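A.B. asks: Take this structure first; my questions come after.
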Amino acid sequence: MVDIGGGTTGIAIVKQGRVTYSADEATGGHHISLTLAGNRGIGLEEAEQYKRSHAGEIWPVVKPVYEKMAEIVARHIAGQGIVDLWLAGGACMQPGVHELFRQRFPALPVHLPQHSLFMTPLAIANSGEGKSGGDVCKLNCRRRCSMPLIR
1 MVDIGGGTTG IAIVKQGRVT YSADEATGGH HISLTLAGNR GIGLEEAEQY
51 KRSHAGEIWP VVKPVYEKMA EIVARHIAGQ GIVDLWLAGG ACMQPGVHEL
101 FRQRFPALPV HLPQHSLFMT PLAIANSGEG KSGGDVCKLN CRRRCSMPLI
151 R
């Protein structure tokens with residue numbers, strides 16, 4: 001699992017339901033905003049908003065940051081026997097990210113769930129399911145979750 005968060009890119013290797021390796025690298029969505037701010041000559045807050053409202057336009061500017069993230073992931077998963085790659089986090093929703101990771105890792109199926117932003121929090125909540133005696137995902141939900149959770 002690759003979780004591109006605000007400040008870091010987290011990598012977790014899960015085998016038979018257990019995390020066997022994890023790492024965090026200090027490159028994330030914040031770095032995308034910094035790159036965009038520098039390119040457009042705008043403040044960081046404005047870049048953050050621009051990133052969300054003009055996601056389709058900014059790919060040529062931010063693609064090198066995502067390429068760096070893909071290389072970081074490649075370094076961490078090399079020789080680990082990975083059979084597929086899951087993307088999570090809000091920064092993964094940028095148009096172009098899924099395809100970039102598919103091209104960088106052609107031997108692996110690369111998954112980008114529709115609700116990637118919520119994948120990590122839901123997986124954390126779901127990990128407490130056995131301890132709480134119920135299905136955490138169903139608590140306070142108005143509709144059934146359509147995103148598969150990693151078990």
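Under the UniProt record's numbering, the first residue of the sequence shown is numbered 1, with each subsequent residue one higher. A virtual CB, placed ideally from N, CA and C, is assigned to each residue, including glycine. Just so we're clear, the structure is a prediction, and the values are computed from it rather than from any experiment.
Report the start-end ranges of each alpha helix (DSSP H) in the segment 5 to 40 that is 4 residues or longer and not cut off at the edges.
C.D. replies: Taking only runs of at least 4 residues, the alpha helix (DSSP H) segments lying wholly in the segment 5 to 40 are 29 to 40.
A.B. asks: With 16 as the cutoff for other CB atoms within 10 Å, does residue 51 come out buried or exposed?
C.D. replies: Numbered from 1 along the sequence shown, position 51 holds the residue referred to as residue 51. Result: buried.
A.B. asks: Could you give the DSSP three-state label for residue 111: helix, strand or coil?
C.D. replies: For this step, residue 111 is matched to residue 111 along the sequence shown. Three-state DSSP puts residue 111 in a strand.
A.B. asks: Beta-carbon separation of residue 4 and residue 89 under 8 Å?
C.D. replies: As a first step, residue 4 must be located in the sequence shown, where it is residue number 4. As a first step, residue 89 must be located in the sequence shown, where it is residue number 89. At a Cβ-Cβ threshold of 8 Å, residue 4 and residue 89 count as neighbours.
A.B. asks: Applying the criterion that 16 or more other CB atoms from any shown protein chain within 10 Å of the CB defines a buried residue, is residue 65 buried or exposed?
C.D. replies: Looking up residue 65 in the sequence shown gives position 65. That one is buried.
A.B. asks: Take residue 20 and list the residues in its own chain whose beta-carbon comes closer than 6 Å to its own, dropping the five residues that flank it on each side.
C.D. replies: Locating residue 20 in the sequence shown gives position 20, counting from the first residue. These residues qualify, in order along the chain: 13.
A.B. asks: Buried or exposed: where does residue 1 fall if 16 or more other Cβ atoms within 10 Å of its Cβ makes it buried?
C.D. replies: On the sequence shown, position 1 is the one that residue 1 refers to. The residue in question, residue 1, is buried, as its Cβ has 16 or more Cβ neighbours within 10 Å.
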